[in-house]
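The sequence shown runs contiguously to residue 139 in the numbering used here. What follows is a set of notes on a single structure, which appears directly below.
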Amino acid sequence: MMMNVEPGPKAASETNRPRRQKGQRPKHVPQRTCVACRTSDAKRSYVRLVRTADGLVNVDPTGKQNGRGAYLCRTRACWQRGLDNRALDRALKIEIDDERRAELREYARSHFPPDAPTDTSNTSNESHGQTR
């Protein structure tokens, strides 16, 4: 004689658990923030500057050098802002001397195209949806 045995109620953890999709997980992309303009994006879209143990500030093309790091966008405007308002100094916790500051400006000038000029002729209140 065969008995039909009904399974008991499922545990709450089994019914509320979302099912995991098969296949590859999405790749984690590290996020970083520019110290000059404070925008956040993928690490590879920024240039890392590093303060080494001996107190030098260098551009770190690999992004893996030992030391305290800070990130700047690949635009001359961000490099200018980061060097002028000392945001880079604060991020690296060091005072960058004038000679090294000039070398970093030259690096930005030689590696990044000039920033596109902004159209300042259309900055009236009407362009922002406001009327007088």
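The beta-carbon is built from N, C-alpha and C at its ideal position, and this holds for glycine as well.
Whole-angstrom distance between residue j and residue i, CA atom to CA atom
{"i": "Glu106", "j": "Thr40", "result": "26 Å"}
{"i": "Gln72", "j": "Ser117", "result": "22 Å"}
{"i": "Pro121", "j": "Cys80", "result": "13 Å"}
{"i": "Ser47", "j": "Gln38", "result": "7 Å"}
{"i": "Ala94", "j": "Glu113", "result": "18 Å"}
{"i": "Asn92", "j": "Gly70", "result": "24 Å"}
{"i": "Ala115", "j": "Gly30", "result": "42 Å"}
{"i": "Leu99", "j": "Ala109", "result": "17 Å"}
{"i": "Arg45", "j": "Gln87", "result": "14 Å"}
{"i": "Asp67", "j": "Phe119", "result": "16 Å"}
{"i": "Val64", "j": "Arg32", "result": "37 Å"}
When the options are compared against residue i, the one with the closest alpha-carbon
{"i": "Tyr53", "options": "Pro33, Asp61, Thr82 and Gly30", "result": "Thr82"}
{"i": "Gly89", "options": "Gly74, Ala49, Leu111 and Gly30", "result": "Leu111"}
{"i": "Ala123", "options": "Cys85, Tyr78, Asn65 and Asp91", "result": "Cys85"}
{"i": "Lys34", "options": "Ala49, Arg108 and Arg93", "result": "Ala49"}
{"i": "Arg97", "options": "Lys29, Gln31, Val66 and Arg75", "result": "Arg75"}
Residue burial classification, residue i (beta-carbon count within 10 angstroms, cutoff 16)
{"i": "Val42", "result": "buried"}
{"i": "Gly62", "result": "exposed"}
{"i": "Ala60", "result": "exposed"}
{"i": "Val36", "result": "exposed"}
{"i": "Glu133", "result": "Confidence in Glu133 is poor, its pLDDT being 46 and thus under 50, which makes the residue's placement unreliable; the coordinate value appears in the next sentence. Exposed: under 16 other Cβ atoms inside 10 Å."}
Beta-carbon spacing of residue i, residue j below 7 Å
{"i": "Arg58", "j": "Ile103", "result": "no"}
{"i": "Arg55", "j": "Tyr78", "result": "yes"}
Identified DSSP bridge partners for residue i
{"i": "Val57", "result": "Asn65 and Gly76"}
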